[in-house]
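Engineer: One structure, pasted below without further comment.
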Amino acid sequence: PPRNVQRPPKRALSPTASSSRASPPPPPTQQAAKPPGPLKKLPLDFEPKLAIPWANNHVLVCINTDYGPGDPALLGPEHVYTCDDGNWGWHDPGRQPQPLDPAALYLAFTPTPDAADSAMTRLPQFREPRKEDTVPGVNKKGRAQENVFLSCDEVHKEREEEFRRLEYLLRAAVGLFHDAMAKTKHDKATVQHRVATEIRPPYAAASIMKRSWGTLHWAGLRSWPDYMVCARTNQRSSAFVTAYIDFMAAFLPKEYAKSLRRLIPRSAKTSRRGVIVSGEQINIYLRFLVHIGAPVYALVDRDEYYVPDGILRDHMPPRCSVVPSVPFSDIRQRDLPLSWYAPQGIDWRHIELIAFHGISIPGSAMRMSDRKEADLARMQGKAKGA
């Protein structure tokens, strides 16, 4: 059996429940003592109505949203696992707000259900994969292989229509963005100019979206856990591409945004994931994100910022299951790219980077299946001989 295989805990965890058992977070780096004086207020034109206590005397102030997540850092990197619905629980970058990446600021608009038990979870883009959506593979002799899973024609076509629509809208959004930036003058001191120069289209997510769609129907995945991982990867990457399109519809100048909205078909209303800003990001991006209607979470030190006690509340459960799944986490033969699986032993602040860009973790205990390793060795051999 493989060594160093991470197994999830046998029951659901929450940041509050596990904080007494998890090792405490490392102490903050030594900083110069803050000069005495009044506490700062967030740069807002209104008073926030919700805040959640986080670790190390920090508070997460929730703006443009009524959802208040708990602190995933209290669980520790050893508790990043796949749950029984195929998502990553407290750490899922498709459902839970993540620290702001200026190059992917649009991920604040990632569509998500408003709760794990919401009716939104039955929408196609969030629906839990089912074995009824698959057909068994067929061997060279035409015999059914019950342990090989392929998406059925109906699901395959539904996913194809979705990813082709998103590819078309992504090209349109990128084209309108470049056209608008070439013809619109921005003061270089404005946050709009800064966002326009920093942002990058989600090409990696679009590639993962297309590859996972094909894998579900043609690769012949040899286990149900691998099929579940692939299906959730397809949903997550599709949501990231959708976020870019919806962000551009809110960010572009009026006439360009209007042109893009005409192309976007009407769909069921969903919640938005949001992003977490902290430190200097609060002064740079907070007002901008609030202005365009994005859910935004300001992580502040209570010794630096004023937060009224009256808005403090307990954290809310994640927007997906937190019940750990051994079959979905402890997969012996992984037939998919390793970056598609829940990352092991990594700080939660870097999980979005792996899922969004498809970056594998150097030195990870996870390994590919024997078949994938043989395929890789064969491809490398051909490359050397070319």
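Our numbering puts the last residue of the sequence shown at 393; the count rises by one with no breaks.
Where is the CB? At the ideal position from N, CA and C, for every residue including glycine.
No experiment lies behind these values; they were computed from the predicted model shown.
1. Using DSSP with H/G/I as helix, E/B as strand and the rest coil, what is V198?
2. What residues match up with F156 in a beta bridge as DSSP calls it?
3. Under a three-way DSSP split, which group does S125 fall into?
4. In chain order, what residues of the same chain lie with their CB nearer than 8 Å to the CB of I361, ignoring the 5 residues before and after it?
5. Would you mind sorting S274 into buried or exposed? The rule is 16 or more other CB atoms within 10 Å of its CB.
6. Give me, in chain order, the residues of the same chain whose beta-carbon lies closer than 7 Å to that of E153; leave out the 5 immediate sequence neighbours on both sides.
7. Where P42 and T249 are concerned, what is the direct C-alpha to C-alpha distance, given to the nearest angstrom?
8. Taking the C-alpha atoms as reference points, what is the distance between Q38 and I283?
9. With contact counted as at least three CB pairs below 8 Å, one residue from each stretch, are the segment 239-248 and the segment 106-121 in contact?
10. Starting from L67, trace the beta strand (DSSP E) both ways and give me its first and last residue.
11. Can you tell me the Cα-Cα spacing of A381 and G317, whole angstroms?
12. Name the DSSP bridge partner or partners of Y312?
13. Please classify S328 as buried or exposed, where buried requires at least 16 neighbouring CB atoms within 10 angstroms.
14. Which term fits Y210, buried or exposed, when burial requires 16 or more other beta carbons within 10 angstroms of its beta carbon?
15. When DSSP labels each residue in this structure, what does R137 get in the three-state scheme?
16. Please return the same chain residues whose Cβ sits closer than 6 Å to the Cβ of T240, not counting the five positions on each side in sequence.
17. Are the CB atoms of L176 and L259 nearer to each other than 8 Å?
18. Is P302 helix, strand or coil by DSSP?
19. Between R28 and the rest of its own chain, which residues show a CB-CB distance below 6 Å, the 5 nearest in sequence each way excluded?
20. According to DSSP, which residues form a beta bridge with T191?
21. Indicate the three-state DSSP secondary structure (helix, strand or coil) for W61 in the structure shown.
22. Please work out which residues of its chain come closer than 7 Å, Cβ to Cβ, to K56, disregarding the five sequence neighbours upstream and downstream, and give them in chain order.
23. Within the same chain, show all residues whose beta-carbon is closer than 6 Å to that of D91, passing over the 5 residues directly before and after it, in chain order.
24. Using 8 Å as the threshold, is the segment 62-79 in touch with the segment 291-306, meaning 3 or more CB pairs across them?
25. Under 8 Å by Cβ, that's how I've got P118 and Q132 pegged, so tell me the actual separation to the nearest angstrom.
Structural biologist: According to the structure data:
1. helix
2. P143, L228
3. coil
4. S346, P350, I353, S367, I368
5. exposed
6. P143
7. Low confidence applies here, because P42 scores a pLDDT of 47, under 50, leaving its location unreliable; read the following figure in that light. If you take the alpha carbons of P42 and T249, they lie about 45 Å apart.
8. Only weak support is given to the placement of Q38: the predicted model assigns it a pLDDT of 46, under 50, and the value that follows is read from those uncertain coordinates. In a straight line, the C-alpha of Q38 is about 22 Å away from that of I283.
9. yes
10. 65-70
11. 60 Å
12. K47
13. buried
14. exposed
15. coil
16. S219, W347
17. no
18. coil
19. For R28, the predicted model reports a pLDDT of 40, less than 50, meaning its position is unreliable; a value from the coordinates is still stated below. Excluding residues within five positions, none has a Cβ falling inside 6 Å.
20. Answer by DSSP bridge pairing: none, since T191 is not bridged.
21. strand
22. I318
23. S328, V330, S332
24. yes
25. 7 Å
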